[in-house]
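S.K.: Counted the way the numbering used here counts, the sequence shown spans residues 655 to 925. Just dropping this structure here.
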Amino acid sequence: MLNGTSVKPFLKWAGGKAQLLHELAKLCPNNIRKYYEPFLGGGALFFFLGPKNYLLSDNNPELINLYKCVANHPREIVRNLETMKNEESYFYNIRNKSFFELDKIYAAARTIYLNRTCFNGLYRVNKKGHFNVPYGKYKNPNIVQKEKILIASKLLSSRKIKLMDFREIEKIKFFKDDFIFFDPPYVPAEGYADFKRYTRKQFTYDDHLELAEIFTKLAKNKLRLILTNSDTHFVRRLYKRHKIITVESKRLINIKSDKRKSHDVIIYANI
């Protein structure tokens, strides 16, 4: 693995990899020419590894706007966050604003604010792309996170962050020692209501089938790959030709707190 950094994600993210970092780090190669992550989310593994050469991407325009603004305008984001209140009526006023009509920097601050103050830190949008998670009623949430944002900004370059569907990864010309980490929306496991609507279009089983096909094609081309998902029969069937290890995890986001323990799988190739 690369040398770990002290940078922590500034977002709480469903399926976030903070708990699996050490297991993932054991598998990550030392010599990474370029790091690719097509389902960016909270970016826990990226921040942990701290690669200099990378391409981070996601199909969520609000998320990509946030990372680009953290890269270029961290202090402006912090100043906006410092004015935001942990009050229910204020929360709904901010939530009801349309991301698509806001100034980019303010929109980025809004994304962090909603993430820190909404129920369970969940990110979910409706079919129109509007954020629809209710107020979380936390007494003293850490909204500003100045240090995390400023430190993260030093690792991020907006030129290396792209709004992109995962399928476009096939169009990239890869080189020896490149590495791709796939962390898609998880297949719902038994007893869990995993939230999948991170963009207007829900991530479907057909999407998982396409992703598995892409993973297999890239593996045949000797690319070094790691993919995470929930431990289900469906996932195991999709990746039965690849190496799979099982790890116990704890769901960061689930409505029923007594059902947060689960098992994930780490699937890898050419490592």
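Idealized CB from N, CA, C, for every residue including glycine.
#1: Can you tell me which residues form a DSSP beta bridge with HIS917?
#2: Count the other CB atoms, across all protein chains shown, that sit within 10 Å of the CB of THR882; report buried if there are 16 or more and exposed otherwise.
#3: Among the candidates CYS723, LEU678, ASP831, ILE868, whose CA atom is the shortest distance from the CA of SER811?
#4: Verify whether the separation of the beta carbon atoms of SER711 and LEU817 is less than 9 Å.
#5: Taking 8 Å as the cut-off, is the beta-carbon of PHE693 closer than that to any non-hydrogen atom of the ligand ATP?
#6: Would you kindly work out how many angstroms separate the C-alpha atoms of ARG778 and ASN719, rounded to a whole number?
#7: By DSSP, does TYR922 sit in helix, in strand, or in coil?
#8: At what residue ranges does the stretch 777 to 849 contain a whole run of the beta strand (DSSP E), taking only runs of 3 or more?
#9: Within this structure, are the beta carbons of PHE833 and TYR689 separated by less than 9 Å?
#10: Mapping DSSP to helix, strand and coil, what is SER884?
#11: Checking the sheet assignment: what are the DSSP bridge partners for LEU709?
#12: Using only alpha-carbon positions, find the residue among ILE805, TYR893, HIS896, THR900 that is nearest to VAL732.
#13: Taking DSSP's pairing of strands, which residues face CYS772 in a bridge?
#14: Output the distance between the C-alpha atoms of LYS751 and GLU742, rounded to the nearest integer angstrom.
#15: Would you kindly report the start and end of the unbroken alpha helix (DSSP H) that includes LYS874?
#16: From the DSSP output, in three-state form, read off LEU877 for me.
#17: Kindly indicate which residue of TYR744, HIS917, GLU824, ARG764 has the alpha-carbon position closest to the one of GLU691.
#18: For LYS751, name the three-state secondary structure that DSSP assigns.
#19: How would you write the range of the alpha helix (DSSP H) that GLU741 sits in, first residue to last?
#20: Taking the CB atoms as reference points, tell me whether ILE898 and LEU674 lie closer together than 9 Å.
#21: For CYS772, which residues in the same chain have their Cβ closer than 6 Å to its Cβ, ignoring the five residues on either side in sequence?
#22: Between LEU879 and PHE836, is the Cβ-Cβ spacing less than 9 Å?
#23: Closest to ARG890 by C-alpha separation, out of ILE815, ASN875, HIS862, would be which residue?
#24: Can the beta-carbon of ILE815 be found less than 9 Å from the beta-carbon of LEU678?
M.R.: Well, looking at it:
#1: Beta-bridge analysis with DSSP links HIS917 to GLU902.
#2: Buried is the label assigned to THR882, since at least 16 other Cβ atoms lie within 10 Å of its Cβ.
#3: Closest by alpha carbon: CYS723.
#4: Yes, Cβ-Cβ distance for SER711 and LEU817 is below 9 Å.
#5: Inclusion of the ligand ATP in the displayed structure is not the case, the ligand content being empty and no account of it being possible.
#6: Between ARG778 and ASN719, the C-alpha separation is close to 16 Å.
#7: Under the three-state reduction of DSSP output, TYR922 falls in the strand class.
#8: You should have 815 to 817, 833 to 836.
#9: When the beta-carbon positions are compared, PHE833 and TYR689 come within less than 9 Å of each other.
#10: DSSP places SER884 in strand when its eight states are reduced to three.
#11: Note: LEU709 sits in a beta bridge opposite TYR690.
#12: Ranking ILE805, TYR893, HIS896, THR900 by Cα distance to VAL732 puts ILE805 first.
#13: Looking at the DSSP output, CYS772 bridges to TYR789.
#14: One C-alpha to the other measures close to 15 Å.
#15: Per DSSP, LYS874 belongs to the alpha helix (DSSP H) from 859 to 874.
#16: In the displayed model, LEU877 falls within coil according to three-state DSSP, outside both helix and strand.
#17: That would be GLU824, whose Cα lies nearest to the Cα of GLU691.
#18: LYS751 carries a coil assignment under DSSP once its states are collapsed to helix, strand and coil.
#19: Here GLU741 belongs to no alpha helix (DSSP H), and DSSP marks it neither H nor E.
#20: Contact flag unset, no.
#21: Once the five neighbours on either side are set aside, the close Cβ partners of CYS772 are VAL787, GLY790.
#22: Result yes, Cβ atoms of LEU879 and PHE836 sit closer than 9 Å.
#23: Taking only the C-alpha atoms, the option nearest ARG890 is HIS862.
#24: Taking 9 Å as the cut-off, the Cβ atoms of ILE815 and LEU678 do not count as close.
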